[in-house]
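Number of protein chains: 2
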Amino acid sequence: MTLPVKKAVVLLSGGLDSSTVLAYAVAKGYECYALSFDYGQRHKSELMAARKVAKVLGATRHEVVKVGLSRFGGSALTSDVAVPKGRTGKEIGTGIPITYVPARNTVFLSLALAFAETLGAYDIFIGVNALDYSGYPDCRPEFIRAFERTANLATKAGVEGNKFKIHAPLIKLTKAGIIKLGRKLGVDYSLTLSCYDPAPDGTPCGACDSCLLRRKGFLEAGEEGA
Amino acid sequence: MTLPVKKAVVLLSGGLDSSTVLAYAVAKGYECYALSFDYGQRHKSELMAARKVAKVLGATRHEVVKVGLSRFGGSALTSDVAVPKGRTGKEIGTGIPITYVPARNTVFLSLALAFAETLGAYDIFIGVNALDYSGYPDCRPEFIRAFERTANLATKAGVEGNKFKIHAPLIKLTKAGIIKLGRKLGVDYSLTLSCYDPAPDGTPCGACDSCLLRRKGFLEAGEEGA
Numbered sequence: 010m011t012l013p014v015k016k017a018v019v020l021l022s023g024g025l026d027s028s029t030v031l032a033y034a035v036a037k038g039y040e041c042y043a044l045s046f047d048y049g050q051r052h053k054s055e056l057m058a059a060r061k062v063a064k065v066l067g068a069t070r071h072e073v074v075k076v077g078l079s080r081f082g083g084s085a086l087t088s089d090v091a092v093p094k095g096r097t098g099k100e101i102g103t104g105i106p107i108t109y110v111p112a113r114n115t116v117f118l119s120l121a122l123a124f125a126e127t128l129g130a131y132d133i134f135i136g137v138n139a140l141d142y143s144g145y146p147d148c149r150p151e152f153i154r155a156f157e158r159t160a161n162l163a164t165k166a167g168v169e170g171n172k173f174k175i176h177a178p179l180i181k182l183t184k185a186g187i188i189k190l191g192r193k194l195g196v197d198y199s200l201t202l203s204c205y206d207p208a209p210d211g212t213p214c215g216a217c218d219s220c221l222l223r224r225k226g227f228l229e230a231g232e233e234g235a
Numbered sequence: 010m011t012l013p014v015k016k017a018v019v020l021l022s023g024g025l026d027s028s029t030v031l032a033y034a035v036a037k038g039y040e041c042y043a044l045s046f047d048y049g050q051r052h053k054s055e056l057m058a059a060r061k062v063a064k065v066l067g068a069t070r071h072e073v074v075k076v077g078l079s080r081f082g083g084s085a086l087t088s089d090v091a092v093p094k095g096r097t098g099k100e101i102g103t104g105i106p107i108t109y110v111p112a113r114n115t116v117f118l119s120l121a122l123a124f125a126e127t128l129g130a131y132d133i134f135i136g137v138n139a140l141d142y143s144g145y146p147d148c149r150p151e152f153i154r155a156f157e158r159t160a161n162l163a164t165k166a167g168v169e170g171n172k173f174k175i176h177a178p179l180i181k182l183t184k185a186g187i188i189k190l191g192r193k194l195g196v197d198y199s200l201t202l203s204c205y206d207p208a209p210d211g212t213p214c215g216a217c218d219s220c221l222l223r224r225k226g227f228l229e230a231g232e233e234g235a
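As you go down the protein sequences, you meet chains A and B in turn. For the first sequence, our numbering gives the first residue as 10, with consecutive numbering after it. For the second sequence, our numbering gives the first residue as 10, with consecutive numbering after it.
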């Protein structure tokens, strides 16, 4: 007799954090359903990275779902506002950045919940991280807990006693800690893309907050970068 | 000196309930931003009804946002599963119906939250109703409260002290009570569409749960129907 395989939905942007989370969930024995969003982000290189990562790390299925967030505007990641470049570590750590997309993680987790319920999956993985990005309110543990509670009240599955669990395994790790974890799990970070403003061919700009934090993370993890 | 106008986002499907809610929010003096979704529902007549209702009731703006929910399947409203017809009142009130769309109100409220935050609106209106449709878990007051709490933890606005409020003014009304409220507010229900399975020209089927509950509501409100 074999034990039934547990399914999980893993939010996958194609960046460093979410790719590490996918490797983590696969290593924990979950059958992983990766979920990415086409939400009007400036560039599609992110989605191309997600496709490669999902395949290489062994996701059972990868869905890319369209969400018209760009109709609302209000963020450097979806509109014509310039992505800030060359900020210092102190500047990056202060306040909520212009790259904040209103309610993004709430929207993404809601769609992950819808996907999970149709699959009969009760585990949802998200690569939020409260340390390096204290500026995003929807990366905090209290947000994750509140969403989990909402999910269990919102759904047929929750009402019928199958409790949803939102896993945020990176939430207390530094970027260097995330990279070290990913290396142990065999993640090839050259497939991932963290840049907010890459060239049309997917080459990272090297100067946005995300590129700078990534570079700092690799240096602190004792690597030259990837 | 004039008082600043308060903005609200109103979820509008084009059906009886959400149209009544829009009329209610307008009557309360809100500048209303109506929000509808193209989520792969079987028919577009619903969206056409929403457009007419938004215009006639005086919404300041009406956005229709695409959300690829149909990629997940799992509901009679988005997939090829047949919409049940001719069920009795007792059957309608029992269990969670096949027309349940997984996590729908969580997804819709999340997108309303994203829209509200970009507008600087802190009031969100939704036409959920716990009485006639006890079968949908995401129509219950405890779900609405949990989502509101999540919204205030998720957002920049929430963190900065602007509290979001989710208004569900119909939650304890019967269908007849909703119709009576709407009549007082001048709603022309002939513009609205409640049917789950209308003909291509938008004519209601008259036999799905939603048509049957609507008809019952009008009879109980002392009307022949609309």
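Where is the CB? At the ideal position from N, CA and C, for every residue including glycine.
Classify residue i: buried if its beta carbon has 16 or more other beta carbons within 10 angstroms, exposed otherwise.
i: residue 169 (chain B); result: exposed
i: residue 233 (chain A); result: exposed
i: residue 226 (chain B); result: buried
i: residue 151 (chain B); result: exposed
i: residue 147 (chain B); result: buried
i: residue 207 (chain B); result: buried
i: residue 77 (chain B); result: buried
i: residue 166 (chain A); result: buried
i: residue 26 (chain A); result: buried
i: residue 98 (chain A); result: exposed
i: residue 74 (chain A); result: buried
i: residue 209 (chain B); result: exposed
i: residue 127 (chain B); result: buried
i: residue 24 (chain A); result: buried
i: residue 112 (chain B); result: buried
i: residue 100 (chain B); result: exposed
i: residue 230 (chain B); result: buried
i: residue 91 (chain B); result: exposed
i: residue 14 (chain A); result: exposed
i: residue 212 (chain A); result: exposed
i: residue 238 (chain B); result: A question about residue 238 (chain B) goes unanswered here, because the residues of chain B that appear run from 10 up to 235.
i: residue 172 (chain B); result: exposed
i: residue 184 (chain A); result: buried
Who are the neighbours of residue i on chain A, taking C-beta pairs under 9 Å?
i: residue 122 (chain B); result: 111, 112, 115, 116
i: residue 181 (chain B); result: By Cβ distance, chain A contributes nothing, its closest Cβ being about 17 Å from residue 181 (chain B), past 9 Å.
i: residue 167 (chain B); result: 146
Per DSSP, which one or two residues make a beta bridge with residue i?
i: residue 3 (chain A); result: Lying before the first or after the last residue shown, residue 3 (chain A) is absent from chain A, which here runs from 10 to 235.
i: residue 70 (chain B); result: B:42
i: residue 47 (chain B); result: B:75
i: residue 176 (chain B); result: B:134
i: residue 217 (chain A); result: A:94
Would you mind telling me which residues of chain B sit closer than 7 Å to residue i, beta carbon to beta carbon, in chain order?
i: residue 163 (chain A); result: 112, 114, 115, 146, 147, 152
i: residue 119 (chain A); result: 112, 115, 116, 119
For residue i, go through chain A and note every residue whose CB falls closer than 7 Å to its CB, in chain order.
i: residue 82 (chain B); result: 127
Is any beta-carbon of chain C found at less than 8 Å from that of residue i?
i: residue 232 (chain A); result: The structure shown contains no chain C; its protein chains are A and B.
- Would you check if there are 3 or more beta carbon pairs closer than 8 Å linking the region 110–122 of chain A to the region 131–140 of chain A? yes
- Are at least three pairs of beta-carbons, each pair with one atom in the region 216–223 of chain A and one in the region 43–53 of chain A, less than 8 Å apart? no
- Tell me, please, whether the region 181–198 of chain B touches the region 30–44 of chain B by the rule of three or more beta-carbon pairs shorter than 8 Å. yes
- Below 8 Å between beta carbons is the criterion; list the residues of the region 129–158 of chain B that meet it against any residue of chain A, in chain order. 146, 147, 149, 151, 152, 155, 156, 158
- Message: Please identify, using Cβ separations under 8 Å, the residues of the region 68–80 of chain B that lie next to chain A, in order along the chain.
- Response: 72, 74, 75, 76, 77, 78, 80
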